[in-house]
Amino acid sequence: MLHIKPIVSALWRSKSGPVLLLLQIVLSVAIVANASFIIHERLQKMTRDSGIEEQEVLTINVYNFGENVDYDLQRRKDIEIIKALPNVKNASLVSMLPMSGSGWSSGFTAEPYDPKKPHQHSVSSGIYFNDHHFIDTFGLTLVEGRNFRADEISFSQNLSDVKAIISKAFATEMWGNESAIGKKFYHGFKEHITVVGVLEFLQGDSVGRDTFENGIILSYDFIGAGKNAIYTIRANVKDIPQLEKDIKDALMADNPYRVFQGFETIAEIRKEAYRNDALMVSALSMIIVLLLVIASLGLSGMVMFNIQKRTKQIGTRRALGAKKRDIIQQFLMENYLICAAGALLGGILAVQLGNQLMRHYNLPMLDLSYVFFTVAGLFVVTTIAVLLPARKAAAISPAIATRSV
Amino acid sequence: MFLHYLDLAWRSIRKTPALSLLMVIAIAIGIGITTTTLNIYQMMAFNPTGERSEQLHAVQLWSQGTDTWDEFHMQVTYQDAMNLRKLSPQFKQLVQMRSGMVIQSDNKDFEPELRAVRVTDGDFFSMFSVPFRYGSSWSKQVDESAAYQVVISENYNQKIFGGGDNVGKTIFLNRKPYQIVGIIDSWNPQPRFYDPMNGAFSNAEEIFVPFSLLAIEKYQVWGNTSGWKYEEVKTFEDKLLSEKVWLQFWIELNTVEERQQYKQILTDYVAEQKALGRFTDNKSASESHKLNTVEEWLEHSEVVKEDNRILVGLSFLFLSVCLVNILGLMLTKFLKRAPEVGVRRAIGASRFQIFSQYMVEVGIIGLLGGITGLVLASGLLYLLGERFAMDSSLISLSHSMWFIAPFIAIVTTLLAGVFPAWKVCHTKPSIYLKSQ
Chain A
13 MLHIKPIVSA LWRSKSGPVL LLLQIVLSVA IVANASFIIH ERLQKMTRDS GIEEQEVLTI
73 NVYNFGENVD YDLQRRKDIE IIKALPNVKN ASLVSMLPMS GSGWSSGFTA EPYDPKKPHQ
133 HSVSSGIYFN DHHFIDTFGL TLVEGRNFRA DEISFSQNLS DVKAIISKAF ATEMWGNESA
193 IGKKFYHGFK EHITVVGVLE FLQGDSVGRD TFENGIILSY DFIGAGKNAI YTIRANVKDI
253 PQLEKDIKDA LMADNPYRVF QGFETIAEIR KEAYRNDALM VSALSMIIVL LLVIASLGLS
313 GMVMFNIQKR TKQIGTRRAL GAKKRDIIQQ FLMENYLICA AGALLGGILA VQLGNQLMRH
373 YNLPMLDLSY VFFTVAGLFV VTTIAVLLPA RKAAAISPAI ATRSV
Chain B
979 MFLHYLDLAW RSIRKTPALS LLMVIAIAIG IGITTTTLNI YQMMAFNPTG ERSEQLHAVQ
1039 LWSQGTDTWD EFHMQVTYQD AMNLRKLSPQ FKQLVQMRSG MVIQSDNKDF EPELRAVRVT
1099 DGDFFSMFSV PFRYGSSWSK QVDESAAYQV VISENYNQKI FGGGDNVGKT IFLNRKPYQI
1159 VGIIDSWNPQ PRFYDPMNGA FSNAEEIFVP FSLLAIEKYQ VWGNTSGWKY EEVKTFEDKL
1219 LSEKVWLQFW IELNTVEERQ QYKQILTDYV AEQKALGRFT DNKSASESHK LNTVEEWLEH
1279 SEVVKEDNRI LVGLSFLFLS VCLVNILGLM LTKFLKRAPE VGVRRAIGAS RFQIFSQYMV
1339 EVGIIGLLGG ITGLVLASGL LYLLGERFAM DSSLISLSHS MWFIAPFIAI VTTLLAGVFP
1399 AWKVCHTKPS IYLKSQ
């Protein structure tokens, strides 16, 4: 039988210990619930699917500084040189790299821009300028429509009447559930773009942006901004280290006036892109773990003291016929009472803290399930923290207890 | 008396090693976490210009029209930068951007390498207090009529020439010869207040070239270019004439009067541009510009990340849990010794003496915890550097932490100790004497 009333009155008689314990639990619930909520948010953000075969795509930055070089010609030649190397599955010259933190983006409208009609709905998106090798080089999946045909690739910077392959996220934001194939959208007032394909995923360059999942590829073979060029190469993971060297040698043999930077796979770029989120996840996890360690150490210490203080009482109870179980149960019951009260107050504080975080920072509202999980976790941890010293208490023999002190 | 208390406190700590250790661990972890987050925050929030902060101003213009972004952009257009430069020759001022070029020298052992380069005006060095080791900035005249001159860092001087006064020698940027006019001493303000947009904690550039060369050499922008309206930009000349923003403008204004004067200049300028059909938003001319001190500029560029504020907040909450925890443990420990106190009180110790003795003991635990916490914090910072490649300026333990961390530790433990110590010194001697 659970003897709640005597336990409550015993707690009431020596208030300070239980009150401190309560305070600790209240604070812990508030911190752990919010911290684990943020962790979950970040993990979700970090594991968004890029749709790319990330391990297999190698990227290289080439900076040409030769005099009188026709960069356009040089780049097309470079791609052919790279494609001719053994173990290269495909290669492509790209305007930017997904998740890299730098690139192109702009707003597009479903109707041509009209200065007389301000506040037209515009959908922001990352923009890739590329040819028909892009999809295969990155390993992207088309869910509707088709890839560009070779004859659709434009070589001039005039974006009028180019074709586009867009991400599903972009299509949904622009046209809802209607099929996007064959639809036109606009950049400014005169450039119109026709959709030929929809990709399952195509992300932009900046992982922090709201419109990160919006991506479009325009059928314009990019000649690069100035002297810098980015090449991407698809190859088997095991061939990549050797390829780094082979590519460098082959390109240098063709033209020595270049500097190479960043032989990186998309997987490495991803890691870099989410570094701050990973950092936040580790920092918060560490806080949670340490908090639980400290709370349970403190709790054990206090229970141990309680037991010493109450040795006589326990001994007497044992002498009067209380079983070991009863003693353990008494301490556990004490703990659960405090925990329950702490959980309630802590839940309220957690929601308050969550509201503050939401108001001041870019965070969504705290999901209540985090409070419940935290409370459940605390019950488990405190049970263990109480159980160990309580078992020791139960082992007190009635004879010793009544004799000593 | 203090030494005596110290001795008593030490004995008492040794008598209950487990409890004392628990307390030290609790405070150490609390302090370790708090110090780590606070240290990073402090490094981020640092203003490297000190007193000069009030004199250096970043200029922002509301050059956009209606139906576009709704805040001041951090950069300005080329047209505006060129116009501003001419408006107030009496003040030190500069327009700048970040670029990158391949560096070569006559030294055959020096492999060509791609480096970030700052394209700026000559006042950069005096405005931002950049120290010179050899030579000086290029002359004022070069800001007007371009010359292929360059300032490099001592570090880079070492790398190319192996050190020494190499003013007058030539290095090649994108295969064009530039004459070295100055070599600066080490200078690397963190955060990089003068261009926080391109990574507030990345290192300062080590190569500086005159901005007047920009239109001639068509330097590539290594940074952000934004446009608020649709414009066809195909050539570099198009870009110079466009409404795209990609340059940063700074001015030095030493007094309130100068600041007022310059604000008026800006207002007149915007009014004039409005008359020419630019700055088409409905904002008035006097509201279409903003001067930011370095302090305001760092704030505006959100150099301190949201994540860090959240972590500092949570870590202080965490510290408060530790505090409550220690309070409980201390109460436990002191009450356990109540019989001993009873005896001491009976033989004449005053309440104040007992209280002081316990506070000394608490203080020692706080100090031990603080020091352990500091060690823990430096370990944590080291780990952050190793695992997350955080910028080195953020993960070095600031010297002020050597005082702040133990201070917080001692203050919190003393706070936590007041109640238990007060409680124990109010023990009635009679109870314990009886039960003995």
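Line by line, the protein sequences are chains A and B. Using our numbering, the letters of the first sequence correspond one by one to residues 13 to 417. Using our numbering, the letters of the second sequence correspond one by one to residues 979 to 1414. Beta carbons: idealized from backbone N, C-alpha and C, even for Gly. All values derive from a computational prediction rather than experimental measurement.
CB of residue i within 8 angstroms of CB of residue j, strictly
i	j	result
residue 1041 of chain B	residue 1055 of chain B	yes
residue 278 of chain A	residue 64 of chain A	yes
residue 314 of chain A	residue 54 of chain A	no
residue 984 of chain B	residue 1338 of chain B	yes
residue 41 of chain A	residue 354 of chain A	yes
residue 1189 of chain B	residue 1271 of chain B	no
residue 340 of chain A	residue 403 of chain A	yes
residue 369 of chain A	residue 1296 of chain B	no
residue 174 of chain A	residue 230 of chain A	yes
residue 401 of chain A	residue 308 of chain A	no
residue 77 of chain A	residue 269 of chain A	yes
residue 1260 of chain B	residue 1044 of chain B	yes
Residues bridged to residue i [DSSP beta-bridge criterion]
i	result
residue 246 of chain A	A:69, A:102
residue 1053 of chain B	None; residue 1053 of chain B has no bridge partner.
residue 1038 of chain B	B:1268
residue 1075 of chain B	B:1097
residue 1148 of chain B	B:1157
residue 1188 of chain B	B:1098
residue 76 of chain A	A:270
residue 1223 of chain B	B:1204
residue 229 of chain A	A:140, A:177
Neighbour flag for residue i against chain A, beta carbons, 8 angstroms
i	result
residue 1221 of chain B	no
residue 1011 of chain B	yes
residue 1230 of chain B	no
residue 1090 of chain B	yes
residue 1045 of chain B	yes
residue 1185 of chain B	no
residue 1176 of chain B	no
residue 1049 of chain B	no
residue 990 of chain B	no
C-alpha distance - residue i paired with residue j, whole-angstrom precision
i	j	result
residue 1206 of chain B	residue 1281 of chain B	24 angstroms
residue 1276 of chain B	residue 1160 of chain B	29 angstroms
residue 206 of chain A	residue 99 of chain A	35 angstroms
residue 58 of chain A	residue 180 of chain A	19 angstroms
residue 1246 of chain B	residue 1263 of chain B	7 angstroms
residue 362 of chain A	residue 1049 of chain B	34 angstroms
residue 187 of chain A	residue 195 of chain A	9 angstroms
residue 337 of chain A	residue 320 of chain A	18 angstroms
residue 39 of chain A	residue 1405 of chain B	31 angstroms
residue 295 of chain A	residue 1187 of chain B	42 angstroms
residue 213 of chain A	residue 136 of chain A	16 angstroms
residue 1036 of chain B	residue 1229 of chain B	7 angstroms
residue 1301 of chain B	residue 1354 of chain B	18 angstroms
Contact with chain B by residue i, beta-carbon distance below 8 angstroms
i	result
residue 13 of chain A	Because the pLDDT at residue 13 of chain A is just 49, under 50, the model does not fix this residue reliably, and the point stays unresolved.
residue 310 of chain A	yes
residue 86 of chain A	no
residue 165 of chain A	no
residue 402 of chain A	no
Cβ-heavy atom distance, residue i to the ligand MG, below 7 angstroms
i	result
residue 290 of chain A	Absent from the structure shown: the ligand MG. Ligands present: none.
### Interface residues of the segment 16-40 of chain A facing chain B [CB-CB below 8 angstroms]
The segment 16-40 of chain A vs chain B, Cβ under 8 angstroms: 28, 29, 32, 33, 35, 36, 39, 40.
### Message
Can you pull out the residues from the segment 1381-1397 of chain B whose beta carbon lies closer than 7 angstroms to at least one beta carbon of chain A?
### Response
For the segment 1381-1397 of chain B, no residue has a beta-carbon sitting nearer than 7 angstroms to a beta-carbon of chain A.
#### Entry: Near-chain B residues of the segment 375-393 of chain A - C-beta to any C-beta below 9 angstroms
Legend: CB atoms of the segment 375-393 of chain A lying less than 9 angstroms from CB atoms of chain B belong to residues 375.
### Query
What are the residues of the segment 55-79 of chain A that lie near chain B, defined by any Cβ-Cβ distance shorter than 7 angstroms?
Closer than 7 angstroms at the C-beta level to chain B, one finds these residues of the segment 55-79 of chain A: 75, 77, 79.
### Task
Would you list, in chain order, the members of the segment 1293-1315 of chain B that have their beta-carbon closer than 9 angstroms to a beta-carbon of chain A?
Listed in sequence order: 1293, 1295, 1296, 1298, 1299, 1300, 1302, 1303, 1304, 1305, 1306, 1307, 1309, 1310, 1311, 1313, 1314.
### Task
Residues of the segment 314-332 of chain A with a CB closer than 9 angstroms to any CB of chain B: list them in chain order, please.
From the segment 314-332 of chain A, only 314, 316, 317, 318, 320, 321 have a Cβ closer than 9 angstroms to chain B.
### Query
What residues from the segment 1188-1208 of chain B come within 7 angstroms of chain A, judged by C-beta to C-beta, listed N to C?
From the segment 1188-1208 of chain B, only 1198, 1208 have a Cβ closer than 7 angstroms to chain A.
### Proximal residues, the segment 190-208 of chain A versus chain B, C-beta separation under 9 angstroms
So the close ones are 199, 200, 201, 202, 203.
### Interface residues of the segment 1140-1172 of chain B facing chain A [CB-CB below 8 angstroms]
Residues of the segment 1140-1172 of chain B with a Cβ closer than 8 angstroms to any Cβ of chain A, in chain order: 1152, 1153.
### Task
Could you list the residues in the segment 117-146 of chain A with a C-beta less than 9 angstroms from some C-beta on chain B, going in chain order?
For the segment 117-146 of chain A, the residues whose beta carbon sits under 9 angstroms from a beta carbon of chain B are, in order, 118, 125, 127, 130, 131, 132.
### Task
Scan the segment 262-296 of chain A for residues whose Cβ lies nearer than 8 angstroms to a Cβ of chain B and list them as they occur along the chain.
Of all residues in the segment 262-296 of chain A, 269, 271, 273, 287, 288, 290, 291, 292, 294, 295, 296 have a Cβ within less than 8 angstroms of some Cβ in chain B.
### Message
Give me the subset of the segment 1336-1349 of chain B whose CB atoms are less than 7 angstroms from a CB atom of chain A, sorted by chain position.
### Response
For the segment 1336-1349 of chain B, which is checked against every Cβ of chain A, not one residue is closer than 7 angstroms.
### Task
Check each residue of the segment 1263-1297 of chain B: if its Cβ is closer than 9 angstroms to any Cβ of chain A, include it; give the result in chain order.
If the cut-off is 9 angstroms between Cβ atoms, the segment 1263-1297 of chain B has 1283, 1284, 1285, 1287, 1288, 1289, 1291, 1292, 1293, 1295, 1296 near chain A.
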